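A.B. asks:
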Amino acid sequence: MLRIVQPRLKGPPSGVGPRAPIGAACLLLVLLALGCGGPTGANGDGSGATPSATDAPPASAASASASAAGGPAPPPFASAPPFTSSERFDLVIRAGLVVDGSGAAATVADVLVRGDTIVHVGQVDASVHTREAIDAKGRVVAPGFIDTHAHGDPTEASRNYLAQGVTTLCLGQDGTSAGGDRVATWVKRHQKKRLALNAAPFVGHGTVRNAAGVGLAKRPTDPQIEKMASLVERDMKAGAFGLTTGLEYQPGSFATAAELVAIARPVAAAGGVVMSHLRSEDDDKIDAALDELLLQGRGSGARVHFSHAKIVYGKGAARAEALLAKLAAARAAGLGVTADIYPYEASYTGIGIVFPDFAKPPHSYTRVKRERHDELARWLRERVALRGGPEATLFGTAPYTGKTLAELAKQYGKPFEEVLIGIGPGGAQAAYFVMDEAVQARLLADPFFMISTDGGPRSRHPRAYGAFSRVLSVYVKEKKVLGLEEAVRKMSGLPAETLGLERRGLVRAGWAADLVVFDPARVRDRATYTEPNLLTEGMDYVLVNGEAVVAGGEPTKARPGRVLLHGDGTRPVPPAPR
Numbered sequence: 057m058l059r060i061v062q063p064r065l066k067g068p069p070s071g072v073g074p075r076a077p078i079g080a081a082c083l084l085l086v087l088l089a090l091g092c093g094g095p096t097g098a099n100g101d102g103s104g105a106t107p108s109a110t111d112a113p114p115a116s117a118a119s120a121s122a123s124a125a126g127g128p129a130p131p132p133f134a135s136a137p138p139f140t141s142s143e144r145f146d147l148v149i150r151a152g153l154v155v156d157g158s159g160a161a162a163t164v165a166d167v168l169v170r171g172d173t174i175v176h177v178g179q180v181d182a183s184v185h186t187r188e189a190i191d192a193k194g195r196v197v198a199p200g201f202i203d204t205h206a207h208g209d210p211t212e213a214s215r216n217y218l219a220q221g222v223t224t225l226c227l228g229q230d231g232t233s234a235g236g237d238r239v240a241t242w243v244k245r246h247q248k249k250r251l252a253l254n255a256a257p258f259v260g261h262g263t264v265r266n267a268a269g270v271g272l273a274k275r276p277t278d279p280q281i282e283k284m285a286s287l288v289e290r291d292m293k294a295g296a297f298g299l300t301t302g303l304e305y306q307p308g309s310f311a312t313a314a315e316l317v318a319i320a321r322p323v324a325a326a327g328g329v330v331m332s333h334l335r336s337e338d339d340d341k342i343d344a345a346l347d348e349l350l351l352q353g354r355g356s357g358a359r360v361h362f363s364h365a366k367i368v369y370g371k372g373a374a375r376a377e378a379l380l381a382k383l384a385a386a387r388a389a390g391l392g393v394t395a396d397i398y399p400y401e402a403s404y405t406g407i408g409i410v411f412p413d414f415a416k417p418p419h420s421y422t423r424v425k426r427e428r429h430d431e432l433a434r435w436l437r438e439r440v441a442l443r444g445g446p447e448a449t450l451f452g453t454a455p456y457t458g459k460t461l462a463e464l465a466k467q468y469g470k471p472f473e474e475v476l477i478g479i480g481p482g483g484a485q486a487a488y489f490v491m492d493e494a495v496q497a498r499l500l501a502d503p504f505f506m507i508s509t510d511g512g513p514r515s516r517h518p519r520a521y522g523a524f525s526r527v528l529s530v531y532v533k534e535k536k537v538l539g540l541e542e543a544v545r546k547m548s549g550l551p552a553e554t555l556g557l558e559r560r561g562l563v564r565a566g567w568a569a570d571l572v573v574f575d576p577a578r579v580r581d582r583a584t585y586t587e588p589n590l591l592t593e594g595m596d597y598v599l600v601n602g603e604a605v606v607a608g609g610e611p612t613k614a615r616p617g618r619v620l621l622h623g624d625g626t627r628p629v630p631p632a633p634r
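Numbering (my numbering), first residue to last: 57 to 634.
1) Going by beta carbon distance, what residues of the same chain come within less than 8 Å of G444, once the five residues before and after it are set aside?
2) So, is L379 buried or exposed, given that buried needs 16 or more other C-beta atoms within 10 angstroms?
3) For the stretch 214 to 222 against the stretch 232 to 249, are there 3 or more C-beta pairs whose distance is under 8 Å?
4) Alpha carbon to alpha carbon, how far is F297 from A568? Give it in angstroms, no decimals.
5) Label R375 either buried or exposed according to how many other C-beta atoms from any shown protein chain fall within 10 Å of its C-beta, with 16 as the threshold for buried.
6) Can you look up G602 in the DSSP assignment and give me helix, strand or coil?
7) Quick one: grab the DSSP three-state call for Q485.
8) What does DSSP give as the partner residues of R578 in its beta bridges?
9) What residue range is occupied by the uninterrupted alpha helix (DSSP H) comprising P257?
10) Look at the Cβ atom of G231, then the Cβ atom of H207, and state whether they are nearer than 7 Å.
11) Are there 16 or more other CB atoms within 10 angstroms of the CB of A385, so buried, or fewer, so exposed?
12) Assign G390 to buried or exposed, taking buried as 16 or more other Cβ atoms, counted over all protein chains shown, within 10 Å of its Cβ.
13) For R335 and G458, I'd like the C-alpha separation in whole angstroms.
14) Which residues share a DSSP beta bridge with S332?
15) Name the two residues that bound the continuous beta strand (DSSP E) containing H419.
16) Give the list of continuous beta strand (DSSP E) stretches no shorter than 3 residues that lie fully inside the stretch 339 to 412.
17) According to the neighbour-count rule (16 or more other Cβ atoms, all chains shown, within 10 Å of its Cβ), is K193 buried or exposed?
18) If you draw a straight line from the alpha carbon of L287 to that of L299, how long is it in whole angstroms?
19) Check for me: the beta strand (DSSP E) holding T554 runs from which residue to which?
20) By a C-beta neighbour count over all protein chains shown, 10 Å radius and 16 as the cutoff for buried, is Y468 buried or exposed?
21) Let's see if you can read the secondary structure: which residues bound the alpha helix (DSSP H) around V243?
22) Can you tell which of P513, M506 and V537 has its C-alpha closest to the C-alpha of F524?
23) Comparing alpha-carbon positions, which option in V175, E493, S420 and T173 lies nearest K535?
24) Which residues mark the beginning and the end of the alpha helix (DSSP H) in which H429 is found?
25) Helix, strand or coil: which one does DSSP assign to Y585?
26) What does the alpha-carbon distance come out to for the pair G178 and V155?
27) From the DSSP secondary-structure annotation, give me the bridge partner or partners of Y597.
28) Nearest to A240 by alpha carbon, out of F258, Q229 and R275?
29) Helix, strand or coil for E140? Go by DSSP, reduced to three states.
30) Hey, out of E463, G452 and A433, whose CA is closest to G483's CA?
31) CA-CA distance, V164 and E315?
32) Under 8 Å by Cβ, that's how I've got G159 and E553 pegged, so tell me the actual separation to the nearest angstrom.
33) What's the gap between the Cα of V148 and the Cα of R560?
34) Let me make sure I understand the geometry here. Which of L227, D191, R437 and A381 has the alpha-carbon closest to that of D203?
35) Based on Cα-Cα distance, which residue from V495, P588 and F574 lies nearest to P199?
36) Alpha carbons only, please: which of V563, A583, V544 and L555 is nearest the one belonging to R514?
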């Protein structure tokens with residue numbers, strides 16, 4: 057149960073005391089703290105509607121960002137009369153700056169909650185009885201954030217997500233179904249467990265390929281393709297939100313075009329989305345890889361989604377523009393296309409990413425080392441050089457944790473390619489500094505790109521502990537790539553719409569009470585590549601289905617999370633009596 061009315065702070069935000077009156081001056085300070093002077097990137101304008109995957113970006117609208125630019129601050133409350141009722145409610149969040157997740161201009165409002173549902177957004181009369189209250193003066197109230205590409209077990213410790221304000225995880229990524237199992241089994245198992253946050257399952261192409269007996273086959277037969285499609289259909293009916301592929305990994309790397317279209321048709325029929333780790337993210341191959349994804353969408357009728365977007369060793373904003381133009385052209389032709397991104401310049405995955413196919417299953421690595429050693433060494437030498445050299449690979453798993461490939465080569469007194477041959481394609485994971493800041497910032501600014509961590513609680517990359525807060529602290533406040541309203545939309549309303557999450561992702565009456573209350577002056581990511589598991593600071597309250605999982609900046613013991621199912625919806629709640 058909530059016991060804290062005023063968040064425990066090291067000190068109030070600059071110029072905003074715990075009892076400061078609501079008004080233009082107070083709001084201006086909040087907005088200035090967030091750096092909301094207007095984005096320099098595309099479409100961070102605080103417009104009033106979430107673009108669908110096929111629509112043009114929303115037109116500019118008056119935004120709270122105007123306050124920081126010298127325009128009028130949002131009014132303390134809308135002109136509608138205060139909400140009154142003789143009923144008793146559970147929680148009221150008073151006088152926060154509501155950024156509702158749609159991209160609309162921020163406004164000061166109260167948020168009234170009963171059970172797991174938002175009852176009213178606007179002014180709530182002081183006579184309304186609630187069990188608990190949060191004083192949100194000088195703070196932002198927003199929808200809980202949705203991580204569209206996450207990893208791990210939702211029953212494990214989730215502090216890395218909660219500290220960032222994440223309330224929903226999308227699991228089953230890169231071609232491996234949630235839990236590596238059929239969706240119905242995973243759902244049944246996790247519905248019996250206590251979760252701190254919501255979890256939305258996906259069916260993975262690789263899991264389906266193995267279940268259908270296809271495995272590493274390069275040319276599946278028509279009956280095998282039909283079997284894979286039927287398994288996808290089964291898992292979609294069990295509540296999966298869509299299909300994920302990991303075409304850079306085995307067994308996904310063996311997929312054919314006909315196979316990809318066939319397995320996406322049941323996704324289209326169910327209104328789901330295909331999320332793809334592309335066949336390649338390299339600068340010279342990514343356009344062909346995107347064409348493959350777009351063809352999968354056109355051939356099946358399914359909406360498609362570019363996971364953890366990047367252009368490996370691509371340089372400059374112009375390169376990003378060329379990629380965005382390809383996606384825009386597909387939308388103009390009627391295809392639904394979205395993407396997610398994390399705000400870092402290094403990726404993180406298994407070291408097998410630098411090895412050739414001939415050194416991976418079904419080939420014998422022992423035999424390859426013996427019979428094709430020189431060819432393998434030459435491949436690794438060239439591949440690593442193309443990816444920034446051995447200094448750009450930082451290992452995250454024992455016994456190499458915290459050392460670069462260059463440092464290991466020096467330690468062992470041998471060429472780096474020989475070090476890699478000794479480790480093998482399945483022997484380690486690492487961060488790879490292969491992304492360009494100008495490319496990533498331009499992609500991040502695109503209105504069809506949302507935010508993800510691509511990590512889990514045990515990840516050795518800072519993105520798992522800081523992706524969402526880094527967007528707020530660096531790309532809103534410091535670099536001003538995004539406005540506050542647009543950043544929040546990318547974390548809530550846009551992913552909810554993309555997934556088909558019903559009645560989630562907005563601060564709106566009748567919608568689920570997944571909410572965050574944060575101090576704009578204190579939100580910051582602390583995780584680094586050398587200390588990747590440091591928690592974010594600045595999230596004062598995080599509510600999942602109306603219950604606080606973070607209160608006063610500290611985790612609670614509440615476990616109100618749920619398994620969310622596609623098409624399950626959220627029961628409509630009748631308006632509260634007045």
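Beta carbons are placed, not taken as given, at the ideal position from N, Cα and C, and that holds for glycine. These numbers come from a predicted model, not from an experiment.
C.D. replies: For this structure:
1) Excluding residues up to 5 positions away in sequence, Y369, Y488, F489 and V490 lie with their Cβ nearer than 8 Å to the Cβ of G444 in the same chain.
2) So L379 ends up on the buried side.
3) Not touching, per the Cβ criterion.
4) Approximately 18 Å, taken between the alpha carbons.
5) Flag for R375 reads buried.
6) Of the three classes helix, strand and coil, the one that applies to G602 here is coil, per DSSP.
7) Three-state DSSP puts Q485 in a strand.
8) In the DSSP secondary-structure assignment, R578 is not bridged to any residue.
9) Element bounds for P257: not the alpha helix (DSSP H) but the beta strand (DSSP E), N254 to P257.
10) Not a contact, by the Cβ cut-off of 7 Å.
11) When all chains shown are included, A385 counts as exposed.
12) Residue burial is scored here from C-beta neighbours: G390 has fewer than 16 other C-beta atoms within 10 angstroms and is therefore classed as exposed.
13) Each residue's Cα considered, the two are about 28 Å apart.
14) Beta bridge pairing from DSSP links S332 with T301 and F362.
15) From DSSP, H419 is part of no beta strand (DSSP E); its letter is neither H nor E.
16) Listed in chain order, the complete beta strand (DSSP E) runs (minimum 3 residues) inside the stretch 339 to 412 are 359 to 362, 393 to 397 and 403 to 406.
17) Buried, by the Cβ-count rule.
18) Each residue's alpha carbon lies about 11 Å from the other.
19) For T554, there is no enclosing beta strand (DSSP E); the enclosing alpha helix (DSSP H) covers residues G549 to L555.
20) Looking at its Cβ environment, which holds fewer than 16 other Cβ atoms inside 10 Å, Y468 is exposed.
21) DSSP places V243 in the uninterrupted alpha helix (DSSP H) bounded by V239 to Q247.
22) Ranking P513, M506 and V537 by Cα distance to F524 puts M506 first.
23) Checking every option, the nearest Cα to that of K535 belongs to E493.
24) For H429, the uninterrupted alpha helix (DSSP H) run begins and ends at H429 to L442, by DSSP.
25) Reduced to three states, the DSSP call for Y585 is coil.
26) The alpha-carbon atoms of G178 and V155 are separated by roughly 12 Å.
27) Residue pairing of Y597 in beta bridges, as defined by DSSP: V573 and A607.
28) When each option's Cα is compared against that of A240, the closest is F258.
29) The question names Glu, but residue 140 in the sequence shown is Thr. Coil.
30) Looking at E463, G452 and A433, the one whose alpha-carbon comes closest to that of G483 is G452.
31) Cα atoms of V164 and E315: separation of roughly 51 Å, rounded to the nearest angstrom.
32) Incorrect: roughly 11 Å between the Cβ atoms, too far for contact.
33) C-alpha separation (whole angstroms): 19 Å.
34) Nearest option by C-alpha distance: L227.
35) The residue with the shortest Cα to Cα distance from P199 is F574.
36) Closest in alpha carbon position to R514, among V563, A583, V544 and L555, is A583.
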